[in-house]
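Just below is one structure, and these are the notes that go with it.
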Amino acid sequence: MTLRIFDPNRRELLAGLASGLGASAAGLIAGGASPSVTAQLALQARPATLALRPGQPPTPVWELTAASRLGNVRLKRGDRCELVFRNELPVPIALVWYGLNGPAASDPLRGRAPTTPNTTETSIISMANAGTLLADFRLFEDGLKQPARPLPVIVEETSRPAIDRDEILLIEEWRLRPDGTAVPPGRDPKATTPLYTINGQTSFELSALGGQRLRLRIINGSQRSVLAIKLEGHEVRVMALDGQPAEPFPARNGAVVLAPGARADAFVDAATAAAILLHDGKEARQVGSLAITGPLERRAPLAAPQALPSNGLPETLDLKGALRFDVALGAADAGWIGPAHFSTASAPAFRAKAGRTVVLALKNPAPVTTVFHLHGHHFRLLDRLDDGWKPYWLDTLAIEPSQTQRIAFAATSPGRWLLESVVTDWAAPRLVRWYAVE
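Listed below in structure tokens is the structure:
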């Protein structure tokens, strides 16, 4: 695989390359971190296995894991985090963050080369926003020899909301061959069977006390399918989308619909045992369950949840004075190309001055749904009449065949940033362009 996405003359290899993950992590613990650093995180991409067929040998996969932490990765809003990243895979990979807005040197198009095999890199990332993030290394999927698993990262609010439990539900999609191996996305899935897991389990059980308020961080970790998740018999109140607080609203019919890479934080008051259902657009299937282990003694019932604290995104956007651009998703004649063959010498999709509002008309010419992901910024989904927007922020959007959706964002993060486009077909390639904020 030839990676031409980076210009070697502009390469910015971040300081702190170490000989191995263990030595790097040990140096941090020993006090080698800068005094301004408030958290450390050691991540590694490595081969692994996953039990996807009961009673059968496990399936080989690749995964991103936190070598320095037990359980879920939890940071705090405002943390300045020293990140040690180790690539133990046989191919170059690029670490991409969903939900980490700029300025962020972690975005591949900001002069950072892929991490080569058996290499450790150290960088600094700032957690400016609280929310549910996703760390991923599947951008250059042409070179991945196994399906790969991303890593959820929680950035906690400075003041804890009124909840009893905080749980991640990472949904992943697999295409299994008869021999138990799995086909990575971008390949022909002929003679494979689809399978879905929650937190790596084919039958996931979430236990709770009756009356507990659960914060469910639901993540669509699949790479091609728009999925709906429903907890039967419960009201599911959406509190945040793609890592940004929303004006709370009940999910329609209790189902949260997410594009690949999208995240939703939902509050649920556990009442009775229930099935967790998944719908992939073709059929509904049970992928887990909620078990009630006993009643929760509470002096008074919890009040309706209040909106989560703002991350400081602008309350209004200047649509009248906005820069407007048409972006045809996935069209080869519009400059879309596979990440392994992309060069920043290509023409950007658009350029914007820092501080301006940008409106994009995203056109899907494909006969199937296409998923769009914006790096570097969150956006508002505009109403059809272009006279307002939905009461939430997104960084990922699914657009139906032959449809156009308009989005708006404040261009506050200078730099060069990726746009991603992929149709909801397992064999379809992931495509990229770039845009500039100057």
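End of the sequence shown sits at 432 in this note's numbering; the numbers just go up one at a time, nothing left out.
Using N, Cα and C, we set each Cβ at its ideal position, and we do this for glycine too.
Quick caveat, the model's predicted, so the values are computed rather than measured.
(request) Could you tell me which residues DSSP puts in a beta bridge with Val55? (result) Partner(s): Ala42.
(message) Within the continuous beta strand (DSSP E) that includes Lys70, where are the two ends?
(response) Per DSSP, Lys70 is one residue of the beta strand (DSSP E) stretching across Val67 to Lys70.
(message) Here's a check: name, in chain order, each residue in its chain whose Cβ is nearer than 7 Å to the Cβ of Leu15, leaving out the five neighbours to either side.
(response) Confidence is the limiting factor: at Leu15 the pLDDT is only 36, short of 50, which leaves the residue's position unreliable and the question unanswerable from this model.
(request) Consult DSSP for Glu150 and reduce its assignment to one of helix, strand or coil. (result) Strand.
(message) Going by DSSP, what residue range makes up the beta strand (DSSP E) through Glu76?
(response) Taken as a continuous stretch (DSSP letters only), the beta strand (DSSP E) holding Glu76 covers Arg74 to Asn81.
(message) I'd like to know whether the C-beta atoms of Leu284 and Arg374 end up nearer to each other than 8 Å.
(response) Against a cut-off of 8 Å, the Cβ pair of Arg374 and Leu284 comes out as no contact.
(message) To test your reading of the DSSP string, which unbroken beta strand (DSSP E) runs of 3 or more residues are found completely within the segment 261 to 300?
(response) If you keep only unbroken beta strand (DSSP E) runs of at least 3 residues inside the segment 261 to 300, you get 268 to 273 and 278 to 289.
(message) Looking at Ala142: is its Cβ nearer than 8 Å to the Cβ of Arg132?
(response) Pairing Ala142 with Arg132 gives a Cβ-Cβ distance under 8 Å.
(request) Quick one: which unbroken beta strand (DSSP E) runs of 3-plus residues sit fully inside the segment 107 to 156? Chain order, please. (result) As far as the segment 107 to 156 is concerned, its whole beta strand (DSSP E) runs of at least 3 residues are 113 to 120, 125 to 130 and 145 to 150.
(request) Look at the alpha carbon of Thr32 and the alpha carbon of Trp91, and state the distance between them as a whole number of angstroms. (result) The straight-line gap from Cα to Cα measures roughly 19 Å.
(request) Please find out if some non-hydrogen atom of the ligand SAH comes closer than 7 Å to the beta-carbon of Ser201. (result) With respect to the ligand SAH, the structure shown offers nothing to examine, as it has no ligands at all.
(request) With DSSP collapsed to three states, give me the class of Leu425. (result) In the structure shown, Leu425 sits in a strand (DSSP, three-state: E or B).
(message) Pull the bridge partners of Ala316 from the DSSP assignment, please.
(response) None, per the DSSP bridge assignment.
(request) Output the boundary residues of the beta strand (DSSP E) element that contains His369. (result) His369 -> no beta strand (DSSP E), and no H or E assigned at all.
(message) Helix, strand or coil for Leu413? Go by DSSP, reduced to three states.
(response) Leu413: strand per DSSP, three-state reduction.
(message) Taking 7 Å as the limit between beta carbons, can you name the residues of its chain near Gly255, skipping five residues before and five after?
(response) Taken in chain order, the residues that qualify are Tyr92, Leu128, Asn214, His367 and Thr390.
(request) Give the C-beta separation of Glu76 and Gln50 to the nearest angstrom, bearing in mind that I take them to be a contact with Cβ-Cβ under 8 Å. (result) Not really, about 41 Å apart at Cβ, beyond 8 Å.
(request) Look at the Cβ atom of Leu46, then the Cβ atom of Thr196, and state whether they are nearer than 8 Å. (result) In contact: Leu46 and Thr196 (Cβ atoms closer than 8 Å).
(message) I'd like to know whether the C-beta atoms of Leu83 and Pro111 end up nearer to each other than 8 Å.
(response) Yes, the Cβ-Cβ distance between Leu83 and Pro111 is below 8 Å.
(message) From the DSSP secondary-structure annotation, give me the bridge partner or partners of Tyr92.
(response) For Tyr92, the beta-bridge partners assigned by DSSP are Leu128.
(request) Could you check the C-alpha separation between Pro239 and Gly125 for me, to the nearest Å? (result) Rounded to the nearest angstrom, the gap between the Cα atoms of Pro239 and Gly125 is 8 Å.
(message) If the criterion is Cβ atoms closer than 8 Å, does the pair Pro188 and Glu167 meet it?
(response) Contact: yes.
(request) Give me the Cα-Cα distance between Ala268 and Ala107, rounded to the nearest whole angstrom. (result) Rounded to whole angstroms, Ala268 to Ala107 spans 47 Å at the Cα level.
(request) Please confirm whether Arg218 and Thr418 have their CB atoms less than 8 Å apart. (result) A distance below 8 Å separates the beta carbons of Arg218 and Thr418.
(request) Assign Gly248 to one of three DSSP states: helix, strand, or coil. (result) Secondary structure of Gly248 (DSSP, three-state): helix.
(request) Please list, in chain order, all residues of the same chain as Ala19 whose beta carbon is under 8 Å from its beta carbon, the five residues on each side excluded. (result) Because Ala19 carries a pLDDT of 39, less than 50, the predicted location of this residue cannot be relied on, and no value is offered for it.
(request) Compare the Cα-Cα distances from Leu388 to each of Pro342, Glu199, Phe336 and Asp259 and report the closest residue. (result) Of the listed residues, the one whose Cα sits closest to Leu388 is Asp259.
(message) If I measure Cβ to Cβ from Arg171 and keep anything under 6 Å in the same chain, skipping five residues before and after, which residues do I get?
(response) Contacts found: Thr186.
(request) Compare the Cα-Cα distances from Asp377 to each of Ala355, Ala176 and Val362 and report the closest residue. (result) Ranking the options by Cα distance to Asp377, first place goes to Ala355.
(request) Just the C-alpha distance for Asn305 and Trp383, rounded to the nearest angstrom, thanks. (result) In a straight line, the C-alpha of Asn305 is about 18 Å away from that of Trp383.
(message) On the DSSP bridge list, what partners appear for Pro188?
(response) Per DSSP, Arg169.
(message) Please list the terminal residues of the continuous beta strand (DSSP E) segment that includes Glu199.
(response) Run containing Glu199: Phe198 to Gly204, per the beta strand (DSSP E) assignment.
(message) Just to confirm before moving on: does the CB-CB distance between Ala348 and Thr406 stay below 8 Å?
(response) Yes, the Cβ-Cβ distance between Ala348 and Thr406 is below 8 Å.
(message) Rounded to whole angstroms, what is the Cα-Cα separation between Ala467 and Val416?
(response) Lying before the first or after the last residue shown, residue 467 is absent from the chain, which here runs from -5 to 432.
(request) Return the chain-ordered ranges of every beta strand (DSSP E) run that is complete within the segment 371 to 412 and spans a minimum of 3 residues. (result) With a minimum length of 3 residues, the continuous beta strand (DSSP E) runs that stay inside the segment 371 to 412 are 390 to 393 and 398 to 404.
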